[in-house]
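Take a look at the structure set out below.
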Amino acid sequence: MGMRNNVLGLVVHPRNDVSESVGTLVELARDHGVRVVAKPSDAVRLEGVEPMDEAEMAERADVVFSLGGDGTMLGAMRLVAGRPTPVLGVNHGNIGFLIEVSPEGLPAALDRLMADDFCLEPHSCLELTGHDSPARAFNDVVLTASRPWTAVSLDLEINGVRHGYFRSDAVVVCTPTGSTAYNYAAGGPIISPSAPLIGLTPVAPMSGITRPIVLGGEETILLRAPEYETRLSLDGAETFTVPAGADMVLRMRPHAVNVVRFDKDIHGTRSRVKLSLLDLPLRPDQLVELVPEHLRDRARLPRL
Numbered sequence: 087m088g089m090r091n092n093v094l095g096l097v098v099h100p101r102n103d104v105s106e107s108v109g110t111l112v113e114l115a116r117d118h119g120v121r122v123v124a125k126p127s128d129a130v131r132l133e134g135v136e137p138m139d140e141a142e143m144a145e146r147a148d149v150v151f152s153l154g155g156d157g158t159m160l161g162a163m164r165l166v167a168g169r170p171t172p173v174l175g176v177n178h179g180n181i182g183f184l185i186e187v188s189p190e191g192l193p194a195a196l197d198r199l200m201a202d203d204f205c206l207e208p209h210s211c212l213e214l215t216g217h218d219s220p221a222r223a224f225n226d227v228v229l230t231a232s233r234p235w236t237a238v239s240l241d242l243e244i245n246g247v248r249h250g251y252f253r254s255d256a257v258v259v260c261t262p263t264g265s266t267a268y269n270y271a272a273g274g275p276i277i278s279p280s281a282p283l284i285g286l287t288p289v290a291p292m293s294g295i296t297r298p299i300v301l302g303g304e305e306t307i308l309l310r311a312p313e314y315e316t317r318l319s320l321d322g323a324e325t326f327t328v329p330a331g332a333d334m335v336l337r338m339r340p341h342a343v344n345v346v347r348f349d350k351d352i353h354g355t356r357s358r359v360k361l362s363l364l365d366l367p368l369r370p371d372q373l374v375e376l377v378p379e380h381l382r383d384r385a386r387l388p389r390l
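Throughout, my numbering is defined as the position within the sequence shown, counted from one, plus 86.
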């Protein structure tokens with residue numbers, strides 16, 4: 087791949103040991119005259135990595151590596167949202183729907199990256215406006231009451247037309263990528279990644295809208311809490327409070343970030359396996375189909 091600035095950016099898990107992957111990247115960078123950078127609080131604990139302010143790294147990095155789980159990957163995606171900078175995930179976390187390679191597979195992945203043997207998978211995000219500054223979420227925006235033990239009450243408008251209200255413990259607004267996270271746990275639908283749709287799911291609804299809603303990606307959603315402040319969480323990471331009566335406007339932004347993929351079929355199979363852990367109703371013979379071919383004989387179950 088072309089390196090305009092000769093800079094590799096790192097976004098790393100705050101606690102997990104990522105030294106193996108960092109060593110691999112630093113060695114490659116040294117051989118090619120490339121700098122490896124991370125935000126100062128991360129760089130201080132990573133050997134061979136230079137400190138760089140996050141805003142500058144987002145602007146200058148030719149590619150960003152996420153070393154962690156899905157939470158770290160989402161942070162990397164938010165960092166470069168709206169830019170062409172590709173993001174490659176290396177799994178140093180637990181289950182990862184977005185992660186592409188393991189630490190052991192990173193050297194081979196870097197060879198393919200340098201040889202332009204990869205593709206870019208675009209991801210949409212939710213853009214939130216109506217408060218101090220625009221914010222983005224690639225999984226979900228979760229709205230709760232700022233006061234503890236209080237239900238959130240939100241008026242809903244779609245494209246300027248009122249559509250009732252939510253009164254529930256929380257309201258989850260999700261992208262297709264985020265539909266398998268909190269949205270799914272709250273009883274919302276799984277949305278295909280190929281469908282430009284937005285999900286709205288009330289959590290433990292008490293009155294008003296009690297069922298999930300699926301909207302087109304071109305719709306404009308306005309939520310307003312008439313009585314109390316609302317606490318918002320973006321991808322389970324960034325949180326802030328919006329005053330009572332303020333408009334919270336959500337729109338889908340297509341192609342907000344590019345994720346590096348080497349084999350879409352393998353990634354799709356891996357996602358199906360992980361989704362099966364979320365209670366998808368698969369028969370034993372269907373589960374066997376998700377096992378790599380060289381292991382299938384060992385995994386087959388006898389017929390009853």
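For glycine and all other residues, C-beta sits at the position ideal for the given N, C-alpha and C.
Next item on the list: Determine, using beta carbons only, whether A124 and L96 come nearer to each other than 8 Å.
Entry: One-based indexing of the sequence shown puts residue 124 at position 38. One-based indexing of the sequence shown puts residue 96 at position 10. Yes, they are a contact pair.
Checklist line | Per-residue burial, N245 [other beta carbons within 10 Å of its own, 16 or more giving buried] | finding: For the purposes of this step, residue 245 is taken as residue 159 along the sequence shown, with counting starting at 1. Its Cβ having fewer than 16 others within 10 Å, N245 is exposed.
Checklist line | Inter-stretch contact (C-beta, 8 Å, three-pair minimum) for the stretch 252 to 271 and the stretch 233 to 243 | finding: yes
Margin query: Helix, strand or coil for L166? Go by DSSP, reduced to three states.
Written below: What you label residue 166 is simply residue 80 of the sequence shown in a count that begins at 1. With the sequence shown as reference, residue 166 is identified as Val, and Leu is not the correct amino acid for it. DSSP places V166 in coil when its eight states are reduced to three.
Item checked: Burial state of G157 (16 or more Cβ within 10 Å) -> Start at 1 with the first residue of the sequence shown, and residue 157 comes out as number 71. G157 should be labelled buried.
Checklist line | Stretch pair the stretch 310 to 326 + the stretch 288 to 301: three plus CB contacts closer than 8 Å | finding: no
Notebook entry, point to check: Where does S319 fall in DSSP's three states?
Noted result: By 1-based counting over the sequence shown, the position of residue 319 is 233. Strand.
Item checked: R90 and D139 closer than 8 Å at C-beta -> Your numbering for residue 90 matches position 4 in the sequence shown. Your numbering for residue 139 matches position 53 in the sequence shown. No, these two residues do not count as a Cβ contact at 8 Å.
Margin query: Which residues does DSSP list as the beta-bridge partners of A231?
Written below: Looking up residue 231 in the sequence shown gives position 145. Beta-bridge pairing links A231 to T316.
Next item on the list: In angstroms with no decimal places, state the Cα-to-Cα distance between A272 and S265.
Entry: Indexing the sequence shown from 1 puts residue 272 at position 186. Indexing the sequence shown from 1 puts residue 265 at position 179. So the two alpha carbons sit approximately 10 Å from each other.
Note to self: For a test of the three-state rule: what should DSSP assign to G294, helix, strand or coil?
What the structure shows: The residue given as residue 294 occupies position 208 in the sequence shown. Residue state, collapsed to three classes: strand.
Notebook entry, point to check: Nearest-angstrom Cα distance between T327 and R233?
Noted result: Within the sequence shown, numbered from 1, the residue matching residue 327 stands at position 241. Within the sequence shown, numbered from 1, the residue matching residue 233 stands at position 147. If I take the Cα positions, the gap works out to 11 Å.
Check: Are the beta-carbon atoms belonging to E207 and V345 less than 8 Å from one another?
Finding: Within the sequence shown, numbered from 1, the residue matching residue 207 stands at position 121. Within the sequence shown, numbered from 1, the residue matching residue 345 stands at position 259. Yes. Within cutoff.
Next item on the list: Can you tell me which of G216, E106, V173 puts its alpha carbon nearest to the alpha carbon of R421?
Entry: Residue 421 is absent from the structure shown; the chain starts at 87 and stops at 390.
Next item on the list: Within its chain, find whatever has a CB closer than 7 Å to the CB of E305; leave out the 5 residues flanking it on each side and keep chain order.
Entry: Here residue 305 refers to the residue found at position 219 when the sequence shown is read from its first residue. Once the five neighbours on either side are set aside, the close Cβ partners of E305 are I244, N245, I284.
Margin query: Let me confirm a value: H118 is counted as buried when at least 16 other C-beta atoms fall within 10 Å, else exposed. Which label applies?
Written below: On the sequence shown, residue 118 is found 32 positions in, with the first residue counted as 1. Classification for H118: exposed.
Item checked: Assumed close pair F224, D321 - CB separation to whole angstroms, cut-off 8 Å -> Here the question's residue 224 lines up with position 138 in the sequence shown. Here the question's residue 321 lines up with position 235 in the sequence shown. Sure, about 6 Å apart at Cβ, within 8 Å.
Note to self: Quick check on DSSP: helix, strand or coil for E213?
What the structure shows: Residue numbering aside, residue 213 sits at position 127 when the sequence shown is read from its first letter. E213: strand per DSSP, three-state reduction.
Next item on the list: Please report the residue range of the beta strand (DSSP E) in which V172 lies.
Entry: For the purposes of this step, residue 172 is taken as residue 86 along the sequence shown, with counting starting at 1. The sequence as given places Pro at residue 172; Val does not occur at that position. First-last of the beta strand (DSSP E) with P172: 172 to 177.
Checklist line | Nearest neighbour of G155, chosen from E142, V187, D128, P193 [CA to CA] | finding: Indexing the sequence shown from 1 puts residue 155 at position 69. Considering only alpha carbons, the answer is V187.
Next item on the list: May I have the straight-line CA-CA distance separating V247 from L301, to the nearest angstrom?
Entry: In the sequence shown, residue 247 corresponds to position 161, counting from 1. In the sequence shown, residue 301 corresponds to position 215, counting from 1. Taking the straight line joining both Cα atoms gives about 14 Å.
Next item on the list: Give every residue of the same chain whose Cβ lies closer than 7 Å to the Cβ of L165, excluding the five residues on either side of it in the sequence, and list them in chain order.
Entry: In the sequence shown, counting from the first residue as 1, residue 165 sits at position 79. So the list reads V97, E140, A144, V150, once near-sequence residues are dropped.
Item checked: Cβ neighbour criterion (16 or more within 10 Å) applied to T325 -> In the sequence shown, the residue the question calls residue 325 occupies position 239. Flag for T325 reads exposed.
Notebook entry, point to check: Who are A288's beta bridge partners in DSSP?
Noted result: As a working note, residue 288 is residue 202 in the sequence shown. Reading the sequence as shown, one finds Pro at residue 288 and not Ala. Its beta-bridge partners are V257.
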